[in-house]
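A.B. asks: Supplied in structure tokens, the structure appears directly below.
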Ligand SMILES: Nc1ncnc2c1ncn2[C@@H]1O[C@H](COP(=O)(O)OP(=O)(O)OP(=O)(O)O)[C@@H](O)[C@H]1O
Ligand SMILES: [Mg+2]
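Protein chains in written order, with the numbering used here: chain A, 142 to 443; chain B, 13 to 292.
What follows is the structure, given as structure tokens:
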């Protein structure tokens, strides 16, 4: 633990990851717990500001006119029927859509007030700050240690790698299960463990935001519960955006929820995703303002 | 005809096909072994060829074949793998020149080896490169011959690396080169290695292009890279043509040696495949 404390003192390192030292300010947990009123969340720092975002693949417009703000230390859930563009949207936040040859993103995405899609912005740099966990666990065919160390190594970090690997595995609630077999192949882990490894791996680059695209959809209830606990715990230090198909999951972890739906274009053939409603999870699930949201959350749709 | 009879007939047809190909192979192998074993002596490995069958060996040819295999490995594999990486990871498939390149490589893999011999004679032995009738020229021609196969095998191995691995790398802030060199390449090495070795072992048995560029029929000295050379398949071909039956025995022994070389290369390929096989 001394390592972490000394890092907390060092002014140059971001203190984010070191907060799992025993001296957690428990007041902050209460502050970000679920059921926080909207006004209070909106007073938090705005991490992303999205305005009028359109995304298309080739000629096919899949997301239209999305505007949304994402707040710091908040879990924001994206829900909606399959194919409405949730994955497409979450990939806009770390420019993963750049890797899809025919994807086109127009509109504004600001990250702490800076245009994420400006010419001068290097997508590689963006992804170092905004981590991502995928739907299907995708550990590298390397050892558990090398998986977590991949990010730091790519960044050129060699110093203190062991400590960092341990810290991230602890944060991802995996350390106790793997501490004696760090050299084993990551592919030998169970699905739930693999997903937690992927979370640890994402934490190791010390990001600011964690994007999770259905992180628990391939997992059993126990592993899912572990990941949900983790999200609640991680939001003290990170901003989390999570796509989920599971409404209970959104209700359990998210402070804010955005509901997306599919709309037919003027010609009645084109289908594109739109943001229907964005509010606190409690409000969205109990008193939705839009009829479509109500139909969806009560299970009459999708 | 009942469905059962049909399926039995089908199985019988398959067995017949298998029997024909396997039987031919076994017969060839057995007759070669019977013919060749008497001449399979130390002399074959330490003596140069001679007009007297009792004194003839194949040392220069065996050595040259080993040199050729090594040079091939050094030249064909790096060029082939880098080309495959370019085509799979960097090339934009919608560009016409990349499509042309792809089409070319596929077609080149089907070009008869003698054509490569002619090409080599015109461009490598004489013409622009003009290295002469030396071992290096043979290695260059065999490299050109196996390159398309090495590229195709490497591309397949690279393509078998799941996209999710690449995405995972990019999502951690890796650059393209870091993803390729740290994820894609290591994960595809088993496939690349087996594909390359199989291609190489075919090339090692090639005779026609080497004959065409002037591999000598009698070489009494150990080969050097920039010297005149012969190769084991050429030596075998030379011996087979001679009327004295003692040389036929020598040829059979040469075939056994060549087979041993090729089979051990294949064994290495199988070993590598099993040892490093990746399950995702
Ligand atoms: N790479 C791609 N190329 C072309 N079209 C795509 C691509 N990826 C997604 N789409 C299309 O974009 C639309 C939105 O897809 P997306 O994956 O974002 O939906 P989703 O809301 O995440 O769905 P799900 O809940 O099933 O994961 C779909 O119609 C899909 O077919
Ligand atoms: Mg999705």
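C-beta atoms are modelled at their ideal positions from N, C-alpha and C, and glycine is treated no differently.
Start and end of the alpha helix (DSSP H) containing residue 283 of chain B?
C.D. replies: Counted from its first residue, the second chain places residue 283 of chain B at position 271. First-last of the alpha helix (DSSP H) with residue 283 of chain B: 257–288.
A.B. asks: Can you tell me whether DSSP reads residue 429 of chain A as helix, strand or coil?
C.D. replies: Locating residue 429 of chain A in the first chain gives position 288, counting from the first residue. If DSSP states are grouped into helix, strand and coil, residue 429 of chain A belongs with coil.
A.B. asks: With H, G and I counted as helix, E and B as strand and the rest as coil, what does DSSP make of residue 217 of chain A?
C.D. replies: Here residue 217 of chain A corresponds to residue number 76 of the first chain, with the count starting at 1. DSSP places residue 217 of chain A in strand when its eight states are reduced to three.
A.B. asks: Quick one: residues in its chain with C-beta nearer than 6 Å to the C-beta of residue 365 of chain A, no 5 flanking neighbours on either side, listed in chain order?
C.D. replies: On the first chain, residue 365 of chain A is found 224 positions in, with the first residue counted as 1. So the list reads 357, once near-sequence residues are dropped.
A.B. asks: From the DSSP output, read off the bridge partner residues of residue 251 of chain A.
C.D. replies: Numbered from its first residue, the first chain carries residue 251 of chain A at position 110. Paired residue(s): A:190 and A:256.
A.B. asks: My understanding is that residue 400 of chain A touches residue 425 of chain A, with C-beta atoms under 8 Å, so please give their C-beta distance in whole angstroms.
C.D. replies: Mapped onto the first chain, residue 400 of chain A falls at position 259. Mapped onto the first chain, residue 425 of chain A falls at position 284. At roughly 6 Å, the Cβ-Cβ gap stays under 8 Å, so residue 400 of chain A and residue 425 of chain A are in contact.
A.B. asks: In its own chain, which residues sit with a C-beta less than 6 Å from the C-beta of residue 200 of chain B, not counting the 5 before and 5 after it?
C.D. replies: To locate residue 200 of chain B, count along the second chain from 1; it is residue 188. 169, 170 and 173.
A.B. asks: Determine the DSSP secondary structure at residue 78 of chain B, reduced to helix, strand or coil.
C.D. replies: As a working mapping, residue 78 of chain B is identified with position 66 in the second chain. Note: residue 78 of chain B maps to helix in three-state DSSP.
A.B. asks: Is any beta-carbon of chain B found at less than 8 Å from that of residue 372 of chain A?
C.D. replies: Against the first chain, residue 372 of chain A aligns to sequence position 231. No, its Cβ sits nowhere closer than 8 Å to a Cβ of chain B.
A.B. asks: Nearest to residue 81 of chain B by CA position, among B:132, B:69, B:144 and B:273, is which residue?
C.D. replies: For this step, residue 81 of chain B is matched to residue 69 along the second chain. Residue B:273 is the option with its Cα nearest to residue 81 of chain B.
A.B. asks: Given this structure, state the Cα-to-Cα distance separating residue 231 of chain B from residue 245 of chain B, to the nearest angstrom.
C.D. replies: Locating residue 231 of chain B in the second chain gives position 219, counting from the first residue. Locating residue 245 of chain B in the second chain gives position 233, counting from the first residue. If you take the alpha carbons of residue 231 of chain B and residue 245 of chain B, they lie about 14 Å apart.
A.B. asks: Taking DSSP as the reference, what is the three-state secondary structure of residue 62 of chain B?
C.D. replies: As a first step, residue 62 of chain B is located in the second chain; it is residue number 50 there, counting from the start. Reduced to three states, the DSSP call for residue 62 of chain B is coil.
A.B. asks: Nearest chain B C-beta to residue 435 of chain A closer than 8 Å, yes or no?
C.D. replies: If you number the first chain from 1, residue 435 of chain A lands on position 294. Not an interface residue.
A.B. asks: Quick check: is the beta carbon of residue 157 of chain A nearer than 8 Å to any beta carbon in chain B?
C.D. replies: As a working mapping, residue 157 of chain A is identified with position 16 in the first chain. The predicted position of residue 157 of chain A is uncertain, since its pLDDT is 40 and thus under 50; no value can be drawn from it.
A.B. asks: Regarding residue 354 of chain A and ligand 2, is the C-beta to nearest heavy atom distance less than 7 Å?
C.D. replies: As a first step, residue 354 of chain A is located in the first chain; it is residue number 213 there, counting from the start. Yes - ligand 2 has a heavy atom lying nearer than 7 Å to the Cβ of residue 354 of chain A.
A.B. asks: Buried or exposed: residue 247 of chain B, going by 16 or more other Cβ atoms within 10 Å of its Cβ?
C.D. replies: Taking the first residue of the second chain as 1, we reach residue 247 of chain B at position 235. Buried, since its Cβ has 16 or more Cβ neighbours within 10 Å.
A.B. asks: Just checking: is the beta-carbon of residue 295 of chain A within a distance shorter than 8 Å of some beta-carbon in chain B?
C.D. replies: To locate residue 295 of chain A, count along the first chain from 1; it is residue 154. Chain B contact via Cβ: present.
A.B. asks: Alpha carbon to alpha carbon, what distance is there between residue 183 of chain B and residue 262 of chain A?
C.D. replies: Translated into positions along the first chain, residue 262 of chain A becomes position 121. Translated into positions along the second chain, residue 183 of chain B becomes position 171. Rounded to whole angstroms, residue 262 of chain A to residue 183 of chain B spans 16 Å at the Cα level.
A.B. asks: Nearest to residue 166 of chain B by alpha carbon, out of B:133, B:90, B:189 and B:145?
C.D. replies: Indexing the second chain from 1 puts residue 166 of chain B at position 154. Of the listed residues, the one whose Cα sits closest to residue 166 of chain B is B:90.
A.B. asks: Which residue wins for smallest C-alpha separation from residue 395 of chain A, given the options A:403, A:402 and A:386?
C.D. replies: As a first step, residue 395 of chain A is located in the first chain; it is residue number 254 there, counting from the start. Of A:403, A:402 and A:386, the residue nearest in Cα terms is A:386.
A.B. asks: Exposed or buried, what is residue 279 of chain A when buried is set at 16 or more other beta-carbons lying within 10 Å of its beta-carbon?
C.D. replies: For the purposes of this step, residue 279 of chain A is taken as residue 138 along the first chain, with counting starting at 1. Buried: at least 16 other Cβ atoms inside 10 Å.
A.B. asks: Roughly how far, in whole angstroms, is the beta-carbon of residue 334 of chain A from the beta-carbon of residue 355 of chain A, given that I think they are within contact range, below 8 Å?
C.D. replies: Looking up residue 334 of chain A in the first chain gives position 193. Looking up residue 355 of chain A in the first chain gives position 214. Not really, about 18 Å apart at Cβ, beyond 8 Å.
A.B. asks: Closer than 7 Å, Cβ to any Cβ of chain B: which residues of the stretch 345–356 of chain A, in chain order?
C.D. replies: The residues in question are 346.
A.B. asks: Look up residue 284 of chain A in the DSSP assignment and say whether it is helix, strand or coil.
C.D. replies: The count along the first chain starts at 1 and reaches residue 284 of chain A at position 143. Note: residue 284 of chain A maps to strand in three-state DSSP.
A.B. asks: Kindly identify the DSSP beta-bridge partner or partners of residue 380 of chain A.
C.D. replies: For this step, residue 380 of chain A is matched to residue 239 along the first chain. Note: residue 380 of chain A sits in a beta bridge opposite A:350.
A.B. asks: If I measure Cβ to Cβ from residue 291 of chain A and keep anything under 7 Å in the same chain, skipping five residues before and after, which residues do I get?
C.D. replies: On the first chain, residue 291 of chain A is found 150 positions in, with the first residue counted as 1. Excluding residues within five positions, the ones whose Cβ falls inside 7 Å are 281 and 342.
A.B. asks: Verify whether the separation of the beta carbon atoms of residue 293 of chain A and residue 345 of chain A is less than 8 Å.
C.D. replies: Taking the first chain and counting its residues from 1, the one referred to as residue 293 of chain A is at position 152. Taking the first chain and counting its residues from 1, the one referred to as residue 345 of chain A is at position 204. Yes, they are a contact pair.
A.B. asks: When you compare the CB positions of residue 323 of chain A and residue 379 of chain A, do they come within less than 8 Å of one another, or not?
C.D. replies: As a position in the first chain, residue 323 of chain A is number 182, starting the count at 1. As a position in the first chain, residue 379 of chain A is number 238, starting the count at 1. Not a contact, by the Cβ cut-off of 8 Å.
A.B. asks: Assign residue 39 of chain B to buried or exposed, taking buried as 16 or more other Cβ atoms, counted over all protein chains shown, within 10 Å of its Cβ.
C.D. replies: For the purposes of this step, residue 39 of chain B is taken as residue 27 along the second chain, with counting starting at 1. Flag for residue 39 of chain B reads exposed.
A.B. asks: Look at the alpha carbon of residue 158 of chain A and the alpha carbon of residue 289 of chain A, and state the distance between them as a whole number of angstroms.
C.D. replies: The residue given as residue 158 of chain A occupies position 17 in the first chain. The residue given as residue 289 of chain A occupies position 148 in the first chain. Because the pLDDT of residue 158 of chain A is 38, which lies under 50, any placement of that residue in the model is unreliable, and the question is left without a value.
A.B. asks: Whose C-alpha, out of A:277, A:221 and A:205, is nearest the C-alpha of residue 438 of chain A?
C.D. replies: On the first chain, position 297 is the one that residue 438 of chain A refers to. Closest by alpha carbon: A:221.
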